[in-house]
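*Asks:* This is the structure, below, for whatever I ask next.
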Amino acid sequence: MKDLLRFLVLLIRVIYKITAGIILGVFFILFILIKTAIRLAEERERTRARELDILERALEDPRFDDEERRAIFERYLDLKYGERFGRRRERYFGSSDVFRRKKI
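The sequence shown lines up with residues 11 to 114 when you count with this note's numbering.
Put into structure tokens, the structure is as follows:
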């Protein structure tokens, strides 16, 4: 009877350690996923800022004609204000083809 009790206690300890290991592993994986998501968001923001800077310089470049400058400006607005502006732009200006023909 004593041996059976010792075996059950040992079994419970092993199960406890395995469960604790699994739980710690899950938390570790979640930590890595969150850290990676933050790093990707920061990189996306840096890329967005870099592209905005390039588009701002392109708008001032005299080598582009009006049609190209309008397309650059449209991309600049979409990038700066996001999808919300895209929906607003279509409501105010119509489709993007109409927007390209409008004076900026």
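All C-beta atoms, glycine included, are put in the ideal place defined by N, C-alpha and C.
Run through DSSP, which three-state label would F41 get?
*Replies:* If DSSP states are grouped into helix, strand and coil, F41 belongs with the helices.
*Asks:* From E61 to E55, what distance separates their C-alpha atoms?
*Replies:* Cα atoms of E61 and E55: separation of roughly 10 Å, rounded to the nearest angstrom.
*Asks:* Let me know the secondary structure DSSP gives F74 once reduced to three states.
*Replies:* For F74, the secondary structure class from DSSP, reduced to helix, strand or coil, is coil.
*Asks:* With three or more C-beta pairs closer than 8 Å as the rule, is the segment 41-58 touching the segment 80-88?
*Replies:* no
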